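As you go down the protein sequences, you meet chains F and L in turn. Just so you know, we're using my numbering here: the first sequence kicks off at 12 and counts up by one. Just so you know, we're using my numbering here: the second sequence kicks off at 12 and counts up by one. Positions of the beta carbon are idealized from the N, C-alpha and C atoms, including for glycine. The structure displayed is predicted, hence computed values, not measured ones.
2 protein chains.
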Amino acid sequence: MLNGAMTERVARRFRALSEPMRLRILQALESGEKPVNDIVALLESSQPNISRHLKALCQEGLLERRRKGLKVCYSIADPMVFRLCDLICRSVTEQTRSQLAELDAISGNSRRTGHRARR
Amino acid sequence: MLNGAMTERVARRFRALSEPMRLRILQALESGEKPVNDIVALLESSQPNISRHLKALCQEGLLERRRKGLKVCYSIADPMVFRLCDLICRSVTEQTRSQLAELDAISGNSRRTGHRARR
DNA sequence: TGTCTATATGCATATATAGATATATAGGCA
DNA sequence: TGCCTATATATCTATATATGCATATAGACA
């Protein structure tokens, strides 16, 4: 159970994760820290756009920033974020599977699911 | 590692969770299914607003809908959602604790953290 | 200190969506 | 069938934000 302020904080963190481009950035950093230009090259987006997403993820506490010579490197602040994605991914996959089974049942294709077709 | 389509799906689910009002709806349903008017009363928002949020959560597969006499009841589709919130909540709390410790160290209050203050 | 490179920010545009208000619809029940 | 209640939707306004393009800034190094 979350109090009001915590609910707002949690919602803001979910929001930070609600953009495909930001999820792709996180995935790009899963194997370790990378400088901005590497991320730009990997994700094929504009440098300003990536920079702004990196800033948003930093402000939400999802990334850490450190200068390394001429470059600036970003890294995952808390690997917990990958557990979040994994949980959702499983849930989505499972639900899609159920929906498919339902469709099979309706169309009378009961071979794979074992469900009886509606008449 | 997520492919393109799954990244989009995961992002959409995060987005569905990125509104405080929707998190409050989920919490209201944690103890079991409830009809719309009960949720409206609990959350002190307008009925149309709650209805739209319920629809959004349903479409994202986070809630289930069932008619019960005159009323329509909504319930949690997958309790996994509370694990998500819990993970984020812990992470936020932990990060806030670290930040506090850092501030303590800077201001020379080393009693609790054991860190040395910067001169 | 000046310069050069990597990164960050300002501004404009397009799109999404939360909430308010009014109204439509669904379905139980007489 | 027709009515009544609970819920859903249409429309509007205000706000947020993703992206592109142009430009500013930071900091390493001569």
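Counting contacts by CB-CB distance shorter than 8 Å, is residue i in contact with chain L?
i	result
cysteine 100/F	yes
aspartate 89/F	yes
leucine 111/F	no
glycine 125/F	For glycine 125/F, the pLDDT reaches just 44, beneath the cut-off of 50, and the residue's location in the model is therefore unreliable, although a value from the coordinates is still provided. Output row for glycine 125/F: interface = no.
arginine 122/F	Residue confidence for arginine 122/F is low, a pLDDT of 48 falling below 50, so the modelled location carries little weight; the figure read from the coordinates is stated next. False, the Cβ-Cβ gap to chain L never drops below 8 Å.
Does any residue of chain F have a CB that is nearer than 8 Å to the CB of residue i?
i	result
arginine 132/L	Since the first residue shown for chain L is 12 and the last is 130, residue 132/L is missing from the structure and cannot be characterised.
arginine 20/L	yes
arginine 94/L	yes
leucine 74/L	no
leucine 114/L	no
valine 83/L	no
In the DSSP output, which residue or residues are listed as bridge partners for residue i?
i	result
valine 83/L	Arg78/L
lysine 45/F	Tyr85/F
CA-CA distance, residue i and residue j?
i	j	result
glutamate 55/F	aspartate 49/F	10 Å
alanine 22/L	leucine 98/L	17 Å
glycine 72/F	glutamine 106/L	8 Å
asparagine 60/L	leucine 37/L	15 Å
valine 83/L	leucine 40/L	13 Å
histidine 64/L	arginine 78/F	42 Å
glutamate 30/F	arginine 26/L	8 Å
valine 92/L	proline 46/F	33 Å
alanine 52/L	glutamate 19/L	34 Å
arginine 35/F	valine 103/L	22 Å
serine 42/F	asparagine 14/L	16 Å
glutamate 113/L	cysteine 100/L	20 Å
glutamine 110/F	alanine 116/F	10 Å
leucine 81/L	aspartate 89/L	25 Å
arginine 108/F	leucine 68/F	32 Å
alanine 16/L	arginine 24/L	13 Å
isoleucine 95/L	methionine 12/F	A small correction: the amino acid at residue 95/L is leucine; isoleucine does not occupy that position in the sequence shown. Approximately 12 Å, taken between the alpha carbons.
lysine 66/L	methionine 32/F	26 Å
leucine 74/L	leucine 28/L	12 Å
glutamate 44/F	glutamine 58/F	17 Å
serine 62/F	serine 86/F	13 Å
Would you say residue i touches the ligand GTP, meaning its beta carbon is less than 7 Å from a heavy atom?
i	result
alanine 27/L	This structure simply doesn't include the ligand GTP, nor any ligand for that matter.
Next on the checklist: Counting only Cβ-Cβ distances shorter than 7 Å, please list the residues of the segment 44-72 of chain L near chain F, keeping chain order.
Outcome noted: Gly72
Item to check | Interface positions of the segment 28-42 of chain L facing chain F (Cβ-Cβ less than 9 Å), listed along the chain | outcome: Leu28, Ser29, Glu30, Pro31, Met32, Arg33, Leu34, Arg35, Gln38 and Glu41
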